Amino acid sequence: MNQRKERLEQVGEALLAKISEQKDAVNAIQERIRQRVLEAAQSSELDRFVDYVSPPPQML
């Protein structure tokens, strides 16, 4: 019974570590996206993108 409890604790700790790694990776990706959006906002790229994805005025 003790071995089972220890094994469950080990598995739980391993899962927490894996989740933490995944969370860190997601946070890093989100930060890169945020930086790229900020860079685009400071250039004319964002205006061109908005013009591209926006419907023409007569369709609004």
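For the numbering used here, count along the sequence shown from 1 and bump the result up by 16.
For glycine and all other residues, C-beta sits at the position ideal for the given N, C-alpha and C.
Owing to the predicted nature of the structure, the values given are computational and were not obtained by experimental measurement.
Secondary structure at GLN58: coil, using DSSP grouped into helix, strand and coil. Each residue's CA atom was taken as its position, placing ILE35 and GLN46 some 16 Å apart. When rounded, the separation of the alpha-carbon atoms in GLN26 and GLN19 is 10 Å.
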